[in-house]
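**Student:**
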Amino acid sequence: MDERDHKKLGKELRLFTFSETVGKGLPLFTAKGAAIRRELERFIVDEEIKRGYQHVMTPDIARLELYKKSGHYPYYKDSMYAPIVIDNEEFMLRPMTCPHHFELFLSEPRSYRDLPMRIAELAKLYRYEQSGELMGLQRVRTFCLSDAHIICASEEQAVDEMGKALDLIEYVNGVFGLEYGKDYWYRLSLGDRNNPEKYGTNNAAWDKSENLLRKFLKGKNMKFEEMPGDASFYGPKIDVQMKNANGKEDTAFTVQYDFVMPERFDLKYVGEDGKEHRAFVVHRSSIGAIERTMALLIEKYAGAFPLWLSPVQVKILTVSETHKKYAKKVFDELMKAGIRVELDDSNETLGKKVRNVKTEKVFYAVVIGDKEVESEELTLENREGKSEKISVEKLIKKLQKEITERK
330 MDERDHKKLG
340 KELRLFTFSE
350 TVGKGLPLFT
360 AKGAAIRREL
370 ERFIVDEEIK
380 RGYQHVMTPD
390 IARLELYKKS
400 GHYPYYKDSM
410 YAPIVIDNEE
420 FMLRPMTCPH
430 HFELFLSEPR
440 SYRDLPMRIA
450 ELAKLYRYEQ
460 SGELMGLQRV
470 RTFCLSDAHI
480 ICASEEQAVD
490 EMGKALDLIE
500 YVNGVFGLEY
510 GKDYWYRLSL
520 GDRNNPEKYG
530 TNNAAWDKSE
540 NLLRKFLKGK
550 NMKFEEMPGD
560 ASFYGPKIDV
570 QMKNANGKED
580 TAFTVQYDFV
590 MPERFDLKYV
600 GEDGKEHRAF
610 VVHRSSIGAI
620 ERTMALLIEK
630 YAGAFPLWLS
640 PVQVKILTVS
650 ETHKKYAKKV
660 FDELMKAGIR
670 VELDDSNETL
680 GKKVRNVKTE
690 KVFYAVVIGD
700 KEVESEELTL
710 ENREGKSEKI
720 SVEKLIKKLQ
730 KEITERK
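Its first residue numbered 330, the sequence shown is counted upward by one per residue in this note's numbering.
1) Less than 6 Å between C-beta atoms, sequence neighbours within five positions excluded: which residues of the same chain meet that for Trp535?
2) Using the C-alpha atoms, what's the distance from Asp443 back to Met409?
3) Figure out for me which residue from Lys715, Lys547, Leu709 has the closest Cα to the Cα of Lys723.
4) I need the straight-line Cα distance from Glu706 to Glu662, nearest angstrom please.
5) If you compare alpha carbons, which of Lys658, Gly667, Leu596, Cys473 is closest to Ile730?
6) Determine, using beta-carbon pairs with one atom in the stretch 581-601 and one in the stretch 470-490, whether at least three such pairs fall under 8 Å.
7) Pick helix, strand or coil for Val696, following the three-state DSSP scheme.
8) In angstroms with no decimal places, state the Cα-to-Cα distance between Asn417 and Ile390.
9) Which residues mark the beginning and the end of the beta strand (DSSP E) in which Asp673 is found?
10) Nearest by alpha-carbon distance to Phe594: which of Leu541, Pro356, His401, Leu342 is it?
11) Between the Cα of Ser440 and those of Lys398, Lys453, Ser483, spot the shortest distance and give me the residue it belongs to.
12) Pick out whichever of Lys572, Thr647, Leu463 has its Cα sitting closest to the Cα of Ile627.
13) Per DSSP, what kind of secondary structure is Ala411 in: helix, strand or coil?
14) If you draw a straight line from the C-alpha of Leu679 to the C-alpha of Ile365, how long is it?
15) Assuming Thr471 contacts Ala452 under a Cβ cut-off of 8 Å, what Cβ separation, rounded to an integer in Å, is found between them?
16) Indicate the three-state DSSP secondary structure (helix, strand or coil) for Glu485 in the structure shown.
17) Is Thr651 helix, strand or coil when you go by DSSP?
18) If you draw a straight line from the C-alpha of Ile498 to the C-alpha of Gly564, how long is it?
19) Sorted by chain position, which residues of the same chain lie with C-beta nearer than 7 Å to Gly600's C-beta, five sequence neighbours on each side aside?
20) Contact between the stretch 538-548 and the stretch 500-513 is defined here as three or more beta-carbon pairs at a separation below 8 Å; is this criterion met?
21) Whose CA, out of Pro445, Arg543, Arg367, Tyr404, lies closest to the CA of Ser475?
22) Throw me the rounded Cβ distance for the Ser460 and Pro428 pair, which I believe falls under 8 Å.
23) CA-CA distance, Lys676 and Lys682?
24) Where does the unbroken beta strand (DSSP E) through Asn711 begin, and where does it stop?
25) Considering just the uninterrupted stretch of the alpha helix (DSSP H) at Thr533, what are its terminal residues?
26) Using 10 angstroms around the beta-carbon of Met664, count the other beta-carbons present and answer buried if the total reaches 16, otherwise exposed.
27) From Lys537 to Arg543, what distance separates their C-alpha atoms?
28) For Asp699, which of Val501, Val648, Gly492 has the nearest alpha-carbon?
29) For Lys597 and Ser518, which I take to be in contact (beta-carbon distance under 8 Å), what is that distance rounded to the nearest angstrom?
30) Looking only at its chain, what residues have a beta carbon closer than 6 Å to the beta carbon of Glu554, apart from the 5 residues adjacent to it on each side?
31) Helix, strand or coil for Leu439 per DSSP?
32) Under three-state DSSP, which class holds Pro557?
33) For Met386, which residues from the same chain have a beta carbon less than 7 Å from its beta carbon, with the 5 sequence-adjacent residues on both sides left out?
34) Output the distance between the C-alpha atoms of Asp496 and Arg380, rounded to the nearest integer angstrom.
35) Keeping to the same chain, check which residues put their C-beta closer than 7 Å to that of His612; ignore five residues upstream and five downstream.
36) Label Arg423 either buried or exposed according to how many other C-beta atoms from any shown protein chain fall within 10 Å of its C-beta, with 16 as the threshold for buried.
Rendered as structure tokens:
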């Protein structure tokens, strides 16, 4: 097994686990793993709101009729959980959010002034993956998707929104330290004219939408490969591809053009001319499934996360029993400042405590001995072994600045 494999590191660093009693493909996140998830979720929600997205919340369950209306049911039937019968009606655990978001759009009349309307959600989704396809966090049966559906007034506006969605994805990748061409690349997923059962017979719409995306990617001077038969049933998509530590390629993020759902849901808006017009739809996922993104990042950083993502940002180590009181005071001040901090005031030797810090891949260690208690200056050491003397007040400011910058 590769030393960067997220399944191995996730267990060693105690980030997540699986339980046969809970069920296959259903991850349980520890407090440390949940801290990473929380940072990713806060990061993307805040960033999307800055970019004009409306973050909403919709239910994890819906009537089966919703997925029949959207057309998902025949295509996703084998990967959806069995219907739940309630009061003689069939409900489903949702495998996707687009029908929910379209119903939100339809909840009141819309004008061209409302568009583009960017509806986003961190949505819990449920899909029945075959047992042989399950793999760590990369392929699970429940996941949280950073999903969004952008309702547009025109084809031109839809293309513009696709560009903005890719700009967001590239910004996210930059924050993660991912390089285009090295860590990720683009793929244009197309329909298959020989598979009318999945892709229908509207070849003119497929030709137009595929050419639209192809022209868009060429206009941005992006290198990409084309993959026939990999599109969704409702339109072509631009996939951001990455490889895991085992060499398997996966789609991390995606931007999709949709020419089917506006018709199925009768998505309309009132234009400047006072008449109703058919809307256009873009689907996109900026940070992908949180679980899969975590797996990718665990492998990229080999478990040694940057400060903002580190489950434990600082670990305080006492030299002896007499230093516990001051160490606890420092611990409390860091906690109040919002720093993820742990205190090791056990009776183990300092050498063993330091080795534990390295094994756990903690970003910073603070050693407190006689000198630190007397001077009230801490000895701060980073993961590379570089140390400095610093006051508690300055340490808090330093950490908050570095965390905010997400270096």
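All C-beta atoms in this analysis are idealised placements derived from N, C-alpha and C, irrespective of residue type, glycine included.
**Tutor:** In brief:
1) As a first step, residue 535 is located in the sequence shown; it is residue number 206 there, counting from the start. Take Trp535, set aside five residues on each side of it, and the residues of its chain with a beta-carbon closer than 6 Å to its own are Gly520, in chain order.
2) Within the sequence shown, residue 409 is the residue found at index 80, counting from 1. Within the sequence shown, residue 443 is the residue found at index 114, counting from 1. Pairing Met409 with Asp443, the inter-Cα distance amounts to about 34 Å.
3) Counting from 1 along the sequence shown, the entry for residue 723 is found at position 394. The shortest C-alpha to C-alpha distance from Lys723 to any of Lys715, Lys547, Leu709 is the one to Leu709.
4) Position 377 of the sequence shown, counting from 1, holds the residue named residue 706. Position 333 of the sequence shown, counting from 1, holds the residue named residue 662. Spanning the two alpha carbons is a distance of roughly 14 Å.
5) To locate residue 730, count along the sequence shown from 1; it is residue 401. Note that residue 730 is Lys in the sequence shown, not Ile. With distances taken between Cα atoms, Lys730 lies closest to Gly667.
6) Between the stretch 581-601 and the stretch 470-490 there are three or more C-beta pairs closer than 8 Å, enough to call the two in contact.
7) Numbered from 1 along the sequence shown, position 367 holds the residue referred to as residue 696. Correct three-state label for Val696: strand.
8) Numbered from its first residue, the sequence shown carries residue 417 at position 88. Numbered from its first residue, the sequence shown carries residue 390 at position 61. Straight-line spacing of the CA atoms in Asn417 and Ile390 works out to 16 Å.
9) Along the sequence shown, read from residue 1 onward, the residue named residue 673 stands at position 344. Residues 670-673.
10) Taking the first residue of the sequence shown as 1, we reach residue 594 at position 265. That would be His401, whose Cα lies nearest to the Cα of Phe594.
11) Sequence index remark: in the sequence shown, residue 440 carries index 111 (1-based). The shortest C-alpha separation from Ser440 is found at Ser483.
12) As a first step, residue 627 must be located in the sequence shown, where it is residue number 298. In terms of CA proximity to Ile627, Lys572 leads the group Lys572, Thr647, Leu463.
13) Position 82 of the sequence shown holds residue 411. Coil at Ala411, not helix or strand.
14) As a working mapping, residue 679 is identified with position 350 in the sequence shown. As a working mapping, residue 365 is identified with position 36 in the sequence shown. Using only the alpha carbons, I get a separation of about 28 Å.
15) In the sequence shown, residue 471 corresponds to position 142, counting from 1. In the sequence shown, residue 452 corresponds to position 123, counting from 1. That belief does not hold up - the Cβ atoms of Thr471 and Ala452 are roughly 11 Å apart, past 8 Å.
16) One-based indexing of the sequence shown puts residue 485 at position 156. Helix, per DSSP.
17) Residue 651 sits at position 322 when you count from the first residue of the sequence shown. The answer is helix: DSSP assigns Thr651 an H, G or I state.
18) Locating residue 498 in the sequence shown gives position 169, where the first residue counts as 1. Locating residue 564 in the sequence shown gives position 235, where the first residue counts as 1. Near 20 Å, if we compare the C-alpha coordinates of Gly564 and Ile498.
19) In the sequence shown, residue 600 corresponds to position 271, counting from 1. Excluding residues within five positions, the ones whose Cβ falls inside 7 Å are Tyr441, His606.
20) Touching, no.
21) On the sequence shown, residue 475 is found 146 positions in, with the first residue counted as 1. The residue among Pro445, Arg543, Arg367, Tyr404 with its C-alpha nearest the C-alpha of Ser475 is Arg367.
22) Against the sequence shown, residue 460 aligns to sequence position 131. Against the sequence shown, residue 428 aligns to sequence position 99. That pair is no contact at about 28 Å.
23) Translated into positions along the sequence shown, residue 676 becomes position 347. Translated into positions along the sequence shown, residue 682 becomes position 353. A small correction: the amino acid at residue 676 is Asn; Lys does not occupy that position in the sequence shown. For Asn676 and Lys682, the distance between alpha carbons rounds to 10 Å.
24) Along the sequence shown, read from residue 1 onward, the residue named residue 711 stands at position 382. Counting along the chain, the unbroken beta strand (DSSP E) around Asn711 starts and ends at 706-711.
25) Taking the first residue of the sequence shown as 1, we reach residue 533 at position 204. Position check: residue 533 holds Ala in this sequence, whereas Thr was assumed. Residues 532-548.
26) Residue numbering aside, residue 664 sits at position 335 when the sequence shown is read from its first letter. Counting other Cβ atoms within 10 Å of its Cβ, Met664 stays below 16 and is therefore classed as exposed.
27) For the purposes of this step, residue 537 is taken as the residue at position 208 of the sequence shown. For the purposes of this step, residue 543 is taken as the residue at position 214 of the sequence shown. Lys537 and Arg543: Cα-Cα distance of roughly 10 Å.
28) Taking the sequence shown and counting its residues from 1, the one referred to as residue 699 is at position 370. Selected option, being the one with the closest Cα: Val648.
29) If you number the sequence shown from 1, residue 597 lands on position 268. If you number the sequence shown from 1, residue 518 lands on position 189. Actually they do not touch by this definition, with Cβ atoms about 28 Å apart.
30) Residue mapping note: residue 554 aligns to position 225 of the sequence shown, counting from 1. Here the set comprises Arg516.
31) As a first step, residue 439 is located in the sequence shown; it is residue number 110 there, counting from the start. This sequence places Arg at residue 439; Leu is not what is there. In the three-state DSSP reduction, Arg439 falls in the coil class, being neither helix nor strand.
32) Locating residue 557 in the sequence shown gives position 228, where the first residue counts as 1. Reduced to three states, the DSSP call for Pro557 is strand.
33) Residue 386 sits at position 57 when you count from the first residue of the sequence shown. Contacts found: Glu450.
34) Along the sequence shown, one-based indexing puts residue 496 at 167. Along the sequence shown, one-based indexing puts residue 380 at 51. Rounded to the nearest whole angstrom, the C-alpha separation of Asp496 and Arg380 is 11 Å.
35) Looking up residue 612 in the sequence shown gives position 283. Cys427, His478, Gln585, Asp587, listed in sequence order.
36) Taking the sequence shown and counting its residues from 1, one reaches residue 423 at position 94. Buried, since its Cβ has 16 or more Cβ neighbours within 10 Å.
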